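Quick mapping for you: the protein sequence lines, in order, are chains A and B.
So the first sequence is residues 1 to 114, counted in the working numbering.
So the second sequence is residues 1001 to 1114, counted in the working numbering.
All residues carry an ideal CB built from backbone N, CA and C; glycine is no exception.
Computed from a predicted structure; not experimentally measured.
Following: one structure in structure tokens, then a few remarks.
2 protein chains.
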Amino acid sequence: MVKYADADLDRTFAALADPTRRALLTRLEKEDSLSVSELARPFPVSLPAIMKHLDVLSDAGLITRAKTGRTVACRLNAGPMEEAMNWLARYERFWSASLDRLARFVEETGEEDR
Amino acid sequence: MVKYADADLDRTFAALADPTRRALLTRLEKEDSLSVSELARPFPVSLPAIMKHLDVLSDAGLITRAKTGRTVACRLNAGPMEEAMNWLARYERFWSASLDRLARFVEETGEEDR
DNA sequence: CTGATACTTAACTTTATGGTTAAGTATGCC
DNA sequence: GGCATACTTAACCATAAAGTTAAGTATCAG
């Protein structure tokens, strides 16, 4: 039996499985840095609920938080998404033959491009 | 309202958040078609537990099941992964500038390549 | 010092997840 | 028919997830 130590992927995919959390990430993709209350404002749930979502995102390494005075600035940290994307990329050939050829192009070109 | 079509994404990411389910998908990526008991064999959990995982994968549209006689053939259906990957692709620029350029190349080239 | 602002923590409820064992159904084989 | 194989369903359990309200802490503005 093969034991996988990819708890990171578990956390990343689990964090992405909630629409509120994806919306939070989407906002941080556009805004670069937002406070907790700015992030919470558009959502119809309580602030503690948003806090919990931010904890989940933080545990998954998808955001970072930095306190300055009484406000907490949240920033996107997309790093873990790359791992998730790499996992998915193995399946690309099943939905697209042309993208499969392109994946090989990426692998070959990516090396010399670094 | 704006979004409720992303229940599909919810299910896809949630299905991918479990290591056993990812391992099941990985096996189906290599084997094309496997019966329930063949799929279950390598895992240290009971058959009903595997059944539940297959139900989750099925609900997410990531596998299809076809019964022939008393055996059930499971096949990968990667379609929903494409949606997940597209969602993630928006964040590529945060971890890789060169992959961002390549993403544009995909968009431009993908069209005429179809 | 006071009060408002910006979180944070605590306690609790409800529902979902991931597992179990045990029993049930359907098919294939002698 | 009778029995093994291949799932399937049922009932149950423990823990985690996602939300609530209420109360607590820390900082800035006056």
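Between the CA atoms of residue j and residue i - distance to the nearest angstrom
{"i": "Glu1065 of chain B", "j": "Ser35 of chain A", "result": "The question names Glu, but residue 1065 of chain B in the sequence shown is Arg. Cα-Cα distance, rounded: 46 Å."}
{"i": "Lys30 of chain A", "j": "His53 of chain A", "result": "19 Å"}
{"i": "Arg1093 of chain B", "j": "Thr1071 of chain B", "result": "46 Å"}
{"i": "Asp1050 of chain B", "j": "Gly79 of chain A", "result": "According to the sequence provided, residue 1050 of chain B is Ile. The question's Asp does not apply to it. Going from the Cα of Ile1050 of chain B to the Cα of Gly79 of chain A covers about 31 Å."}
{"i": "Asp55 of chain A", "j": "Ala14 of chain A", "result": "13 Å"}
{"i": "Leu57 of chain A", "j": "Leu76 of chain A", "result": "9 Å"}
{"i": "Lys1067 of chain B", "j": "Asp1010 of chain B", "result": "28 Å"}
{"i": "Lys1003 of chain B", "j": "Ala17 of chain A", "result": "Caution applies to Lys1003 of chain B, whose pLDDT of 45 falls short of 50 and renders its modelled position unreliable; the model cannot decide the point."}
{"i": "Ala1084 of chain B", "j": "Leu25 of chain A", "result": "14 Å"}
{"i": "Ser37 of chain A", "j": "Asp1006 of chain B", "result": "25 Å"}
{"i": "Tyr1091 of chain B", "j": "Gly69 of chain A", "result": "30 Å"}
{"i": "Ile1063 of chain B", "j": "Asp8 of chain A", "result": "24 Å"}
{"i": "Arg1027 of chain B", "j": "Val1045 of chain B", "result": "16 Å"}
Residue from the options whose Cα sits closest to the Cα of residue i
{"i": "Ala1089 of chain B", "options": "A:Ala73, A:Gly69 and A:Glu82", "result": "A:Glu82"}
{"i": "Asn1043 of chain B", "options": "B:Lys1030, B:Arg1022 and B:Gly1061", "result": "Going by the sequence as given, residue 1043 of chain B is Phe instead of Asn. With distances taken between Cα atoms, Phe1043 of chain B lies closest to B:Arg1022."}
{"i": "Ser1033 of chain B", "options": "B:Leu1009, B:Ala1073 and B:Ala1007", "result": "B:Ala1073"}
{"i": "Thr1012 of chain B", "options": "A:Leu47, A:Leu24, A:Pro19 and A:Ser96", "result": "A:Pro19"}
{"i": "Ser1096 of chain B", "options": "A:Glu38, A:Asn86 and A:Pro48", "result": "A:Asn86"}
Range of the contiguous beta strand (DSSP E) that encloses residue i
{"i": "Ala1073 of chain B", "result": "Thr1071 to Leu1076"}
Cβ-based burial, residue i [other Cβ within 10 Å; buried from 16]
{"i": "Ala1040 of chain B", "result": "buried"}
{"i": "Ala60 of chain A", "result": "buried"}
{"i": "Leu1047 of chain B", "result": "exposed"}
Endpoints, the alpha helix (DSSP H) within which residue i is located
{"i": "Ala1066 of chain B", "result": "Note, Ala1066 of chain B: premise wrong, no alpha helix (DSSP H); beta strand (DSSP E) at Ile1063 to Thr1068."}
{"i": "Ala1014 of chain B", "result": "Ala1007 to Leu1016"}
{"i": "Asp55 of chain A", "result": "Leu47 to Asp59"}
{"i": "Pro80 of chain A", "result": "Gly79 to Ala89"}
{"i": "Pro1019 of chain B", "result": "Pro1019 to Glu1031"}
{"i": "Glu1092 of chain B", "result": "Glu1092 of chain B -> no alpha helix (DSSP H), and no H or E assigned at all."}
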